[in-house]
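Take a look at the structure set out below.
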Amino acid sequence: MDLTILEKIDSTNKYLKEKKYKKNWEIVMAKEQTAGKGRRGKVWNSNKGGAWFSFCFAEDKYLSKTEYGKIPLIAGLAVIKGLEEIEKLNYKIKWPNDVYVGKRKISGILLEKSGDFFIVGIGINVNNVDFGEFKDIGISLNKITDKIYNIEKLVMLVASKFKKEYYRFLRGEWEEILLEIKEKNYLKNRVVEVMVNSEVIKGEVIGINNSAELCIKKNNEIYEIKSGEIRIV
Ligand code: BTN
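According to the working numbering, the sequence shown holds residues 1 to 233 in order.
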């Protein structure tokens, strides 16, 4: 996997999206992003010290659209596996695409599509300590341990973990991967609220199903959520 390191860019996702000739599994990281993008049009605070990177890969022709939702969860697992190699903490996946330590967010994932390519954008709070408008929910490795980490090393680790997990997935090992994801399910047994077709569903999270949907139990009925902003009640 080739790594390009940029001093400063608006967004590594945007950079790869707009790049004309994309190479499979190329990685772009930036020391700083001036317009880091979060999900749902949010801003991602990306000043110096964090791991801000994106990589891309061509869509496999056998992958159906219904499987796209599995990719951010696979990326979440890869972030955890990479982080665990540099600092052992209790990391959890907050469905569908965040990684938490305790009650705080340490990483966010943004999956985009550009032609036949998937672009996986990952932000991990590493040595940075200022989370801007996310100051109440953000956390970084440095805030927890006071240590300074090698960002390039972490970027390469996470990207290669993703590639490994993704090939496992293409080989048909989704069920095994899902078991690992379920073990790290931050939302399990929590009462949450989520908007579905302008209706608020409030209930207890009972798990993640085989299609990567979040399962919520409300008055003995199970709701299977494809995507959405989850609020813990
Ligand atoms: C989220 O939690 O809403 C997703 C955040 C994704 C941030 C990363 S940082 C690298 C890549 N470039 C971007 O502009 N966004 C992603």
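Glycine included, each C-beta is placed from N, C-alpha and C at the ideal position. All figures in this text were calculated on a predicted structure; none of them were measured in a lab.
Below 8 Å, enough C-beta pairs join the region 163 to 181 and the region 70 to 79 to call them touching: three or more. The beta carbon of Leu6 is closer than 8 Å to those of Thr12, Tyr15, Val28, Met29, Ala30, Lys31 in its chain, skipping five residues each way along the sequence.
Using a C-beta cut-off of 8 Å, the region 109 to 126 makes contact with the region 39 to 59, since at least three inter-stretch Cβ pairs fall below that distance.
In the DSSP assignment, Tyr166 forms no beta bridge with any residue. Annotation for Ser140 indicates a beta carbon at 8 Å or more from all heavy atoms of the ligand BTN. For Ile139, no alpha helix (DSSP H) segment is defined, and its DSSP state is neither H nor E.
DSSP places Leu110 inside the beta strand (DSSP E), whose first and last residues are 104 to 114. Phe131 has no beta-bridge partner at all, per DSSP.
Between the alpha carbons of Lys153 and Tyr91 lies a gap of roughly 19 Å. Rounded to whole angstroms, the separation of the alpha carbons of Ile177 and Gln33 is 32 Å.
Where Glu221 is concerned, the enclosing beta strand (DSSP E) starts and stops at 221 to 225.
When the five nearest sequence neighbours on each side are left out, the beta carbons in the same chain lying within less than 6 Å of the beta carbon of Ser114 are those of Lys17, in order along the chain. Taken in chain order, the whole beta strand (DSSP E) runs of length 3 or more contained in the region 56 to 97 are 91 to 94.
With at least 16 other beta carbons inside 10 angstroms of its own, Ser54 counts as buried.
In terms of side-chain proximity, the C-beta atom of Lys42 is found nearer than 8 Å to a non-hydrogen atom of the ligand BTN. Rounded to the nearest whole angstrom, the CA to CA distance from Glu221 to Glu173 is 30 Å.
By the 16-neighbour rule on beta-carbons within 10 angstroms, Val194 is buried. Here Asn197 carries a coil assignment [DSSP, helix/strand/coil]. A heavy atom of the ligand BTN is found nearer than 8 Å to the CB of Leu110. Looking at the DSSP output, Tyr100 sits in a beta bridge with Lys92, Lys105.
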